[in-house]
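Residue numbers (my numbering): 520 to 582.
Down below is the structure, laid out as structure tokens.
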């Protein structure tokens, strides 16, 4: 993981951690310098799909 953080810091790439499921994983990532992520620990999946935001709908219509 340290290699990915170093590569991200040396370039314009943004590093996003996926699959964060525990507080320990989150703390480890923050200590490594990873500040963007997603996972079950951060936000549980929505029970109902509420639809796409209008911005995304407009973008898809242009394709």
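By construction, the Cβ of each residue, glycine as well, lies at the ideal position given by its N, Cα and C atoms.
Keep in mind that this is a model prediction, so the values were computed, not measured.
Beta-carbon contacts of residue i that lie in its chain and below 7 Å, excluding the five residues immediately before and after
i	result
residue 524	534, 551, 552, 553
residue 558	537, 538, 539, 540
Buried versus exposed, by CB contacts within 10 Å (16 or more), residue i
i	result
residue 529	exposed
residue 539	buried
residue 548	buried
Residues bridged to residue i (per DSSP)
i	result
residue 536	556
Start-to-end residues for the alpha helix (DSSP H) that takes in residue i
i	result
residue 544	542-551
residue 522	521-529
residue 576	573-581
Contacting residues, own chain, Cβ-Cβ under 6 Å from residue i (five flanking each side not counted)
i	result
residue 555	535
8 Å contact criterion, which residue i and residue j should meet: CB distance rounded
i	j	result
residue 560	residue 545	6 Å
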